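Structure first, then comments.
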Amino acid sequence: MSRTTQTPRIGRLIAAAALGLAAVFGLAAVFGAASPALAHDELVGTEIVANDAGATEGFKLSFSNSIIEVGTEIVATGPDGADIKDGEPEVDGPDVTQHLQAGLAEGDYRIAWRVVSSDGHPIDGSFGIAVGANGTGEIIPAAELTEDAESHEHEDSGDHAEADDAAGMPFGVVVAIITGAAVLVIGGITAAVALSRKKKDQATQGASRGN
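Here it is, written out as C-alpha cells:
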C-alpha cells in the first residue's frame, strides 16, 4: 500500500475520532445545562396570613421557583375534621396563598399541600397551625404533629422518594459515562496516530532497503 493511500485513510480515522469526541463533549454540555432543571422546586417558607387584629386568616407557602398553577391542591381541616378553607388557593409565581374561614376557634389545624414543580413533577408536604384563644396562629412543623399526621407525612415522603428515584439517572453517573466515553475516543485518536507513524517508518525503511 502506497504512502498516498495510507495518509487519506488515517486522516479519515482521525477525523471520525475527532467528530466522536466533539459529540461526546456536546452531550456533556447538554447534560450540564439541563442539570439544574432536574432538581425539583422546594418549599422555602411558610407564614401565617393575619388580619389587622392579628387573627389568622390564612397562610402562604413560598417556593424556590415559580410553580405550575394547574394541579395545586390544599386540604385544611380543623380539630373536628371539618374543612376550613375559604375559596381556592391563589398562585402568584413562587407563592401560594390559601385563605381560611374567619373566626377560627382555639385548637390545632392540619394542612396538607400538593403543587406541581416548575420541572413538571408534583411535590407535597404537610404542617399544622396552632390557633390561640385570641385567634393568632403559629406554624407547627410536620414533625410535631400528632401520630396520625406524622404517619401521613411518612406516606407522602415515601411517594416523593419514589418519584425522585423514577426521575432518571443521577447526574454524577451521566458525567462518569461521558468522561469514560471521552477517554475511549482520545485513546482511539492516539492509537490511530501511533499506527500512522509506525506504517510511515516501515515504508521509509522499505524504501531505503530497496535503494
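Okay, so the sequence shown: first residue is 329 according to the numbering used here, each after it adds one.
For every residue, glycine included, the Cβ atom is placed at its ideal position computed from N, Cα and C.
All of these numbers come straight from a predicted model, not from anything done at the bench.
query	result
Cβ-based neighbour list, Met-497, same chain, cut-off 6 Å, excluding 5 preceding and 5 following	With a pLDDT of only 45 at Met-497, under the threshold of 50, the placement of this residue in the model should not be trusted, and no figure is reported.
Pro-450 - containing beta strand (DSSP E), residue span	450 to 459
Other residues of its chain near Ile-412: CB distance less than 7 Å, five sequence neighbours each side excluded	Ala-404, Thr-405, Gly-406, Leu-428, Gln-429, Leu-432 and Tyr-437
Whole-angstrom distance between Ile-467 and Phe-455, CA atom to CA atom	7 Å
Spatial neighbours of Val-372 in its chain, beta-carbon cut-off 6 Å, leaving aside the 5 residues before and after	Ser-390 and Ser-392
Proximity of Gly-421 and Ser-394 at Cβ, strictly below 8 Å	yes
Span separating the alpha-carbon of Glu-375 from that of Ala-458	12 Å
Exposed unless 16 or more other CB atoms sit within 10 angstroms - verdict on Gly-382	exposed
Status (buried if at least 16 other CB within 10 Å, exposed otherwise) for Val-398	exposed
Under the three-state DSSP convention, the category Glu-370 falls into	coil
Three-state secondary structure (DSSP) of Gln-426	strand
Helix, strand or coil at Glu-385 according to DSSP, with G and I counted as helix	strand
Asp-492 burial status per 10 Å Cβ neighbour count (16 or more: buried)	Reliability fails at Asp-492, whose pLDDT of 48 lies under 50, so the model's placement of it is uncertain and the value that follows must be treated cautiously. Looking at its Cβ environment, which holds fewer than 16 other Cβ atoms inside 10 Å, Asp-492 is exposed.
6 Å Cβ shell around Gln-530 - same chain, five flanking residues per side excluded	none
Residues that DSSP places opposite Arg-525 in a beta bridge	BP columns for Arg-525 are empty, so no partner.
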